[in-house]
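Report on one structure; see the data block that follows.
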Amino acid sequence: MIGDPVLRLSEVGKGFHGTTVLDGVSLNVPQGQFVALAGPSGAGKSTLLRLVNGMHLPDSGTVHTLGENPAVCSRSRLRALRARVGFVFQQFGLVGRLSALENVLMGSLATLRLPRYGVMSYPRALRVRAVEHLDRVGLADRRFQRCDTLSGGQQQRVAVARTLLQSPELILADEPVASLDPAASTLVLQTLKRISAEDGISVVCSLHQIELALATADRVVALRGGRMVLDEPAAGLTAERLREIYDPAEARDG
Numbered sequence: 202m203i204g205d206p207v208l209r210l211s212e213v214g215k216g217f218h219g220t221t222v223l224d225g226v227s228l229n230v231p232q233g234q235f236v237a238l239a240g241p242s243g244a245g246k247s248t249l250l251r252l253v254n255g256m257h258l259p260d261s262g263t264v265h266t267l268g269e270n271p272a273v274c275s276r277s278r279l280r281a282l283r284a285r286v287g288f289v290f291q292q293f294g295l296v297g298r299l300s301a302l303e304n305v306l307m308g309s310l311a312t313l314r315l316p317r318y319g320v321m322s323y324p325r326a327l328r329v330r331a332v333e334h335l336d337r338v339g340l341a342d343r344r345f346q347r348c349d350t351l352s353g354g355q356q357q358r359v360a361v362a363r364t365l366l367q368s369p370e371l372i373l374a375d376e377p378v379a380s381l382d383p384a385a386s387t388l389v390l391q392t393l394k395r396i397s398a399e400d401g402i403s404v405v406c407s408l409h410q411i412e413l414a415l416a417t418a419d420r421v422v423a424l425r426g427g428r429m430v431l432d433e434p435a436a437g438l439t440a441e442r443l444r445e446i447y448d449p450a451e452a453r454d455g
């Protein structure tokens, strides 16, 4: 069910070293919506996602994430906010020599605040939850397998399960399938979409693949040259129209 906004951007601007990366971007994302963030490389997609959880701060305009403004949060409040926001990156960020289960459990280290050595050093209830999340991404049977022996798509699904262990209220995904083959890409995005629908978690996912954006998202927001040039329900868009957004000559680094 689509609910109240969990994310509000109002006339947001951001630049680096004299180059404008985002220019007057406004966006509201309601609870439970899957938003595909489209646009060519350098359009500002990654910068926008990092503004949402306070990794960057805007030069102008305001960002409100889950009711908080990262620009004015204390360090402790910003840390608490980031714990409520899951982030899935293009690079999986897994420890290859550790099992899938151990990697998922590492998603709890920020809250446990103590070093852990081996699966059995984690509380039993947490271990049970970690296995449940691996089951949700279709990898419970691989929980004891080293991550460096898993395929790229499987590793990304482990990363999704690790994010779910945070019990996030919002998930940001920055080109999560850019390095995967089409079949693995589809499976990862379908997994995120299903979790969004089942748990009512908003997902904002940057994507290059037009067809995947249209097949997965409830809504497509496109950036070009740091400006929002499209914001429409995915059901009403065609691949041809979305391809018009991808004009590398218009893009800037971001």
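When you line the sequence shown up against our numbering, it's residues 202 to 455, in that order. Backbone N, C-alpha and C define an ideal beta-carbon position, used for all residues, glycine too. Fair warning: this is a prediction, and the values are worked out from it, not measured in the lab.
Residue closest to E445, alpha-carbon to alpha-carbon, out of L223, A239, K215 and V226:
Nearest of L223, A239, K215 and V226 to E445, Cα basis: A239.
Check I372 in the structure and name its three-state DSSP category.
Strand at I372.
Going by DSSP, what residue range makes up the beta strand (DSSP E) through T221?
First-last of the beta strand (DSSP E) with T221: T220 to P231.
If you run the structure through DSSP and keep just helix, strand and coil, what is L267?
In the structure shown, L267 sits in coil (DSSP, three-state: anything other than H, G, I, E or B).
Cα-Cα separation, V253 to K246
Their Cα atoms are separated by approximately 11 Å.
What is the rounded straight-line gap between the Cα of A452 and the Cα of F345?
Confidence is the limiting factor: at A452 the pLDDT is only 38, short of 50, which leaves the residue's position unreliable, though a coordinate-based value still follows. When rounded, the distance between both Cα atoms is 44 Å.
If we count the other Cβ atoms within 10 Å of its Cβ and call it buried at 16 or more, is A331 buried or exposed?
It is buried - the Cβ of A331 has at least 16 other Cβ atoms within 10 Å.
Quick check on this structure: which residue in A374, L306, G233 and A385 has the alpha carbon closest to the alpha carbon of V329?
When each option's Cα is compared against that of V329, the closest is L306.
May I have the straight-line CA-CA distance separating A416 from A435, to the nearest angstrom?
Between A416 and A435, the C-alpha separation is close to 8 Å.
Please go through the same chain and pick out, in chain order, the residues whose beta-carbon is closer than 6 Å to the beta-carbon of R343, but skip the five residues on each side of it.
Sequence-distant partners of R343 (beyond 5 residues in either direction) whose C-beta falls short of 6 Å from its own C-beta, in its chain, are A301.
Where the beta strand (DSSP E) through S407 begins and ends:
Per DSSP, S407 belongs to the beta strand (DSSP E) from S403 to S407.
Compare the C-alpha of E485 against each of R358, V378, M429 and E303 and name the closest.
No answer is possible for residue 485: the residues shown for the chain start at 202 and end at 455.
In angstroms, rounded to a whole number, what distance separates the CA positions of T248 and T263?
Those two C-alpha atoms are separated by around 14 Å.
So the beta strand (DSSP E) D432 belongs to, where does it begin and stop?
R428 to P434 is the span of the beta strand (DSSP E), which, as asked, contains D432.
In terms of DSSP beta bridges, what is F235 paired with?
Answer is V404, bridged to F235.
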